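The sequence shown lines up with residues 32 to 730 when you count with the working numbering.
From the three backbone atoms N, C-alpha and C, an ideal C-beta is built for every residue, glycine too.
Model, not experiment: these values are computed from the prediction.
Below is one structure; the comments refer to it alone.
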Amino acid sequence: MDARRLLRRVASGVALLLASLGLPVQAGDLSHADIARRFQPPLHVGDKLRDIPAWPITSELEPEAGPVAYAFESIDLAPIPGFEGTPMNLLVSIDRKGNFMDVALLRQHEPVFLSGLGEGPLRDFLAQYANKSLKQEITVSSLYGNTRAGAGGNRVVLDGVSKATASVRIVNQTVLTSALAVARARLGFATPAEKGPLAEVKADVFERRSFAELLASGAIGRLHLSHADVEQRFAGSDGAGVDAEALARPDETFIDLYVAYLNAPTIGRALLGDTGHADLMRRLEPGQHAWWVASAGRDAYIDEDFTRGTVPARLAFSQGGAPVELRDLDLSPRPPEGAPPLNAALVLRVPPMSGIDPASPVRFELTLTRAKGSMLPVLTQRSVSLDYQAPEALFFRPPAPLPDWLIAWKERGVELGIIAAALALLSVVLARPRWISVSARRLKVFRLAFLAFTLGYIGWYAQGQLSIVQITGAIKSLVAGAGLKSFLYDPVSLLLIAFTLASFVVWGRGTFCGWLCPFGALQEFAALLARALRLPERKLPARLAGVLDRTRFVILAALTALAALAPQWAEKGVEVEPFKTAITVGFDRSAPFVAYALILLVLGGLYYKFFCRYLCPLGAAMALGGKLRLLDWLPRRSECGQPCQTCRHRCAYDAIEKSGAIRYERCFQCLDCVGIYHDPGRCAPIMLMHKKDKARNAS
Ligand code: SF4
Ligand code: SF4
Numbered sequence: 032m033d034a035r036r037l038l039r040r041v042a043s044g045v046a047l048l049l050a051s052l053g054l055p056v057q058a059g060d061l062s063h064a065d066i067a068r069r070f071q072p073p074l075h076v077g078d079k080l081r082d083i084p085a086w087p088i089t090s091e092l093e094p095e096a097g098p099v100a101y102a103f104e105s106i107d108l109a110p111i112p113g114f115e116g117t118p119m120n121l122l123v124s125i126d127r128k129g130n131f132m133d134v135a136l137l138r139q140h141e142p143v144f145l146s147g148l149g150e151g152p153l154r155d156f157l158a159q160y161a162n163k164s165l166k167q168e169i170t171v172s173s174l175y176g177n178t179r180a181g182a183g184g185n186r187v188v189l190d191g192v193s194k195a196t197a198s199v200r201i202v203n204q205t206v207l208t209s210a211l212a213v214a215r216a217r218l219g220f221a222t223p224a225e226k227g228p229l230a231e232v233k234a235d236v237f238e239r240r241s242f243a244e245l246l247a248s249g250a251i252g253r254l255h256l257s258h259a260d261v262e263q264r265f266a267g268s269d270g271a272g273v274d275a276e277a278l279a280r281p282d283e284t285f286i287d288l289y290v291a292y293l294n295a296p297t298i299g300r301a302l303l304g305d306t307g308h309a310d311l312m313r314r315l316e317p318g319q320h321a322w323w324v325a326s327a328g329r330d331a332y333i334d335e336d337f338t339r340g341t342v343p344a345r346l347a348f349s350q351g352g353a354p355v356e357l358r359d360l361d362l363s364p365r366p367p368e369g370a371p372p373l374n375a376a377l378v379l380r381v382p383p384m385s386g387i388d389p390a391s392p393v394r395f396e397l398t399l400t401r402a403k404g405s406m407l408p409v410l411t412q413r414s415v416s417l418d419y420q421a422p423e424a425l426f427f428r429p430p431a432p433l434p435d436w437l438i439a440w441k442e443r444g445v446e447l448g449i450i451a452a453a454l455a456l457l458s459v460v461l462a463r464p465r466w467i468s469v470s471a472r473r474l475k476v477f478r479l480a481f482l483a484f485t486l487g488y489i490g491w492y493a494q495g496q497l498s499i500v501q502i503t504g505a506i507k508s509l510v511a512g513a514g515l516k517s518f519l520y521d522p523v524s525l526l527l528i529a530f531t532l533a534s535f536v537v538w539g540r541g542t543f544c545g546w547l548c549p550f551g552a553l554q555e556f557a558a559l560l561a562r563a564l565r566l567p568e569r570k571l572p573a574r575l576a577g578v579l580d581r582t583r584f585v586i587l588a589a590l591t592a593l594a595a596l597a598p599q600w601a602e603k604g605v606e607v608e609p610f611k612t613a614i615t616v617g618f619d620r621s622a623p624f625v626a627y628a629l630i631l632l633v634l635g636g637l638y639y640k641f642f643c644r645y646l647c648p649l650g651a652a653m654a655l656g657g658k659l660r661l662l663d664w665l666p667r668r669s670e671c672g673q674p675c676q677t678c679r680h681r682c683a684y685d686a687i688e689k690s691g692a693i694r695y696e697r698c699f700q701c702l703d704c705v706g707i708y709h710d711p712g713r714c715a716p717i718m719l720m721h722k723k724d725k726a727r728n729a730s
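Here you go:
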C-alpha cells in the first residue's frame with residue numbers, strides 16, 4: 032500500500048472514530064429542521080432530493096408551481112479545500128431562475144478568517160451574492176471596495192477582501208461550483224465547462240434571401256422521404272407492406288421535413304417576415320432559441336390532436352446526444368414565399384437555460400408509426416433523423432472566460448514581475464557572491480535593503496509570507512484526495528514556493544530563511560533595534576541551545592501528524608507561527624496573539640533569531656528540504672578551522688563547525704563568511720600569508 036493510501040485509510044478511520052464520538056467530520060452540517068428554521072412561510076422546505084443533495088423550497092403563494100428555490104450546503108457539492116486544506120461550508124439558496132437568494136457561512140477554516148481578520152469581512156463578502164444571477168460571470172476584484180472595476184455586460188465583479196484575496200477566490204469558486212451543480216440538475220442549466228462559451232447570433236447580420244437560396248445554402252435543413260424510403264425502413268418488420276398507398280406510388284413524397292434556426296435575422300426575417308421576426312425576438316428570453324419546423328407531402332409531423340403550446344409528440348430534439356424539449360411558441364407563421372405547400376408549420380423553442388449552442392449541429396428526430404391489423408393492431412415504430420447546422424457566418428463565439436485562478440495571476444502580474452526580478456537579482460548575488468560580500472559595508476547595505484523589501488513588499492504588501500499552513504494544508508488536501516489546486520489561487524506564494532524548492536537543490540535551506548522570509552527579516556530588524564538600544568546580545572547555554580535546536584523538528588512532526596489525523600487540532604497548532612499576526616494582518620489582531628508575536632520579537636532581539644533557531648516548524652521543514660542541496664558552495668580553505676576560527680566566531684547563526692565545515696542546515700546565507708574569505712583585511716590566513724610575504728621581501 033502506498034503512503035498516500037495508507038494516510039487516507041488512517042484518516043477515514045479517525046473520521047469514523049470522531050463521528051462515533053460526536054465530533055465534527057466533513058459532511059453537510061444541517062438537518063431538515065435546521066434548514067426549515069431558516070425559511071419562513073410562505074416558503075416551505077421539502078425533503079432532501081435524492082439525485083442531488085439539495086432541499087427544494089416551495090411557496091404557499093404558488094402551490095402549483097413546484098419548487099420556487101433550492102437550498103444546499105456547498106460542502107456536499109463543492110468541497111474545495113482552502114489554504115488550510117479543509118473545505119468551507121456555506122448554505123446557498125438560489126431561486127428557480129438561477130438568482131442567488133442568500134449565501135450564509137456555516138463553517139470555514141481559512142487561517143486569515145479564523146482569528147486574523149475574523150469572519151466579519153467574509154460574511155460581508157458573501158452578502159454580495161444576493162440577487163446576482165448564475166447566468167452572469169461572477170468574479171472577484173482585487174481592488175477592494177470597487178465593485179464596478181471590470182464589470183460590464185454579463186460580468187459581475189464582487190469586492191474582494193484585503194489581505195484575503197486568494198481565500199475569497201476559493202470562496203467564489205465554492206459558491207459557483209455548488210450552485211451550478213444544482214442549476215444543472217434542476218434548472219436545466221447547461222454545462223459550460225464541457226461546451227465552452229456558447230455562440231451568439233450576429234444580430235446585425237442580415238441579407239435578404241429567398242426560400243430556395245436558404246435551402247441551397249443549408250440555412251433551411253430538409254429531410255425528404257419517399258414512400259419507398261419509408262417502406263425500406265420498415266422492411267422485415269410487422270410494419271412492412273401494410274401501407275397500400277406507399278406500395279402503389281413508391282416515388283411519391285411521404286414527408287418533406289424542413290427546419291431552420293429563426294433567431295438569425297437572415298433566416299428568421301425570410302421565414303416570418305420582418306414584423307414576425309421582431310415579435311418572435313421580443314417573446315424569447317435571453318439565451319432562448321427558436322426553430323421553424325414545417326412539413327409537406329402526405330404526412331404531417333404533428334398529429335391531428337396536437338394542442339398548441341405543447342410539445343409535438345413525434346418530434347424529438349437533441350444536441351450532442353442530450354435531449355432538449357421543443358415546445359410550440361403558439362405563433363402562426365404565414366407560409367414563407369417560395370415554400371412548397373405545407374401541411375404543418377410551427378415555431379418551436381427550447382427552454383431559456385438549455386445550454387443549446389445554436390452554431391453547433393442539432394438533431395431533429397421524427398417517429399414514424401405503422402399499424403398492422405385493425406383489431407388490436409400491432410404497432411411498429413421507426414425513427415428518422417435530420418441533422419441541422421445553421422451557417423457559421425451568422426454567429427460569433429465570445430472568448431472563454433478565464434478561470435478564477437488565472438484571473439488572479441493576471442491581476443497580480445505587476446507584483447509577480449517585481450518579485451521575480453528580485454529573485455533573479457538574489458540568484459545572481461548567491462551565484463557570484465564575491466563582489467557584493469567582499470565589502471562588509473556593501474554587503475550590509477544590500478542585505479538590509481533586500482530584507483526591507485522582503486518584509487515590506489513581499490510580506491506586508493504582496494502577502495507572500497510562506498507558512499507551515501501551506502504544508503499542513505497540502506497534507507490535509509492530499510489525505511482528503513482533493514489535490515493542490517488551491518495553491519493556484521495564490522500566485523505570489525506559488526512563485527516563492529517554486530523558487531524555494533529550486534534553491535534547496537542549489538544553495539540549501541538558507542535562501543528562503545536568510546532572504547525571503549518576512550518574519551525572519553522582521554527578526555533581523557528587531558535585533559538591529561536591540562543593538563541600537565544598546566541591549567546586549569545573549570547566548571543560550573550550549574546544552575540548552577542543543578536541546579531547543581530539536582524542538583522545531585518536534586513541532587513540525589506534531590503539526591504534520593495532526594494535519595493528517597486530526598485536522599481541527601492542526602488548525603490551532605499552526606498558531607505557534609506568529610506569521611499571521613505579524614505579517615498577514617500586520618498586528619491587527621486580538622491581544623494574546625499580538626503579545627505572543629511581540630514576545631518572540633523581543634526574544635529575537637536578545638537571542639539572535641530565537642524563533643527561527645528554536646521554534647519555527649517551517650524553518651525545520653526548510654532544513655529538511657535543504658538536504659537536497661547538491662553543492663558545497665560556500666568557499667573554504669584548508670586553514671578554515673585549523674587553526675582559524677574567525678568565520679566561526681563571526682557567524683551569527685552558529686553554522687560553522689570548529690573544524691571549519693559549514694553546517695548548511697543552519698546556514699542562513701548571510702554571506703558574512705564569504706566576505707571574510709575574500710577580504711585580505713579580514714581573513715586571518717591571507718593576512719598571515721601577506722605578513723610572511725612582506726617579511727620575506729624585507730629580508
Ligand atoms: S526559520 Fe522560520 S521564521 Fe526564521 S526565517 Fe526560516 S521560516 Fe522564517
Ligand atoms: S556566516 Fe554563517 S550563516 Fe552566514 S553564510 Fe557563513 S556560514 Fe552561513
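>> Considering only the alpha carbon of each residue, which of Leu566, Lys79 and Leu256 lies closest to Leu397?
In response: Leu256
> Run through DSSP, which three-state label would Thr117 get?
Replying inline: coil
> Rounded to a whole number of angstroms, what is the C-alpha to C-alpha distance between Leu377 and Ala161?
Replying inline: 39 Å
> What residue from Thr485, Asp82 and Gly147 has the CA that sits closest to Ala622's CA?
Replying inline: Gly147
> Can you tell me whether DSSP reads Ile733 as helix, strand or coil?
Replying inline: Outside the shown range of the chain (32 to 730) lies residue 733, about which nothing can therefore be said.
>> Nearer than 7 Å: is that true of the beta carbon of Leu457 relative to any heavy atom of ligand 1?
In response: no
> Can you give the Cα-Cα distance for Ser124 and Ser268, rounded to whole angstroms?
Replying inline: 53 Å
> Any idea which residues DSSP pairs Asn130 with across the strands?
Replying inline: Ser164
> How should Lys475 be labelled, buried or exposed, when 16 other C-beta atoms within 10 angstroms of its C-beta is the threshold for buried?
Replying inline: exposed
> Regarding Met132 and ligand 1, is the C-beta to nearest heavy atom distance less than 7 Å?
Replying inline: no
>> Using 8 Å for Cβ pairs, my map puts Arg264 next to Leu407. What's the rounded Cβ distance?
In response: 23 Å between Cβ atoms; not a contact.
> Who are Glu231's beta bridge partners in DSSP?
Replying inline: Phe427
>> Run the Cβ filter for me: residues under 5 Å from any heavy atom of ligand 1, listed in the order they occur in the chain.
In response: Cys544, Cys548, Phe550, Gly551, Cys643, Cys647, Leu649 and Gly650
>> So the candidates are Val290, Ile106 and Pro112; which of them puts its Cα closest to the Cα of Ala212?
In response: Ile106
> What number of angstroms, rounded off, separates the C-alpha of Pro152 from the C-alpha of Phe144?
Replying inline: 8 Å
>> Between which two residues does the beta strand (DSSP E) holding Glu104 run?
In response: Ala100 to Glu104
> Taking the Cβ atom as the reference point for each residue, do Val616 and Ile499 lie within a distance shorter than 8 Å?
Replying inline: no
>> Please state whether the Cβ-Cβ distance between Arg668 and Pro711 is less than 8 Å.
In response: no
> Just reading off the beta strand (DSSP E) that Thr400 is part of, what are its end residues?
Replying inline: Val393 to Lys403
> How close, in whole Å, do the beta carbons of Gly129 and Pro382 come, if the pair is a contact with beta carbons under 8 Å?
Replying inline: In fact, because the Cβ distance is near 12 Å, the residues do not count as touching under 8 Å.
> Between which two residues does the alpha helix (DSSP H) carrying Trp440 extend?
Replying inline: Asp435 to Glu442
>> By the three-class DSSP mapping on this structure, what secondary structure does Phe584 have?
In response: helix
>> Counting beta carbon pairs with one atom in the region 482-498 and one in the region 721-730, are three or more of them shorter than 8 Å?
In response: no
> With distances taken from CA atoms, which of Asp60, Glu696 and Val324 is nearest Gly541?
Replying inline: Glu696
>> Between Gly149, Leu189, Ala480 and Asp388, which has its C-alpha nearest Gln159's C-alpha?
In response: Leu189
> For Ile418, which residues of its own chain have a beta-carbon under 6 Å away from its beta-carbon, when the five flanking residues on both sides are left out?
Replying inline: A small fix is needed here, since residue 418 is Asp in this sequence, not Ile. Counting only Cβ-Cβ distances below 6 Å, and skipping sequence neighbours, we find Pro392 and Arg394.
>> Taking the straight line between their C-alpha atoms, what separation do you get for Ala480 and Ala613?
In response: 20 Å
>> What does the Cβ neighbour count give for Gly12, buried or exposed, with the cut at 16 atoms within 10 Å?
In response: The structure shown does not extend to residue 12, since the chain spans only 32 to 730, so no value can be given for it.
> When the Cα atoms are used, what is the spatial distance from Glu368 to Arg358?
Replying inline: 25 Å
> Taking C-beta to C-beta, are Cys704 and Gly545 nearer than 8 Å?
Replying inline: no
> Is the beta carbon of Gln501 within less than 7 Å of some heavy atom of ligand 2?
Replying inline: no
>> Would the region 104-123 count as touching the region 233-243 if we require 3 or more Cβ pairs under 8 Å?
In response: no
> Near Pro666, what residues of its chain come up, given a Cβ to Cβ distance below 8 Å and the 5 sequence neighbours on each side ignored?
Replying inline: Val705, Tyr708 and His709
>> For Gly318 and Ser414, I'd like the C-alpha separation in whole angstroms.
In response: 29 Å
>> Classify His258: buried if its beta carbon has 16 or more other beta carbons within 10 angstroms, exposed otherwise.
In response: buried
> Going by other Cβ atoms of all chains shown within 10 Å of its Cβ, with 16 needed for buried, is Lys194 buried or exposed?
Replying inline: buried
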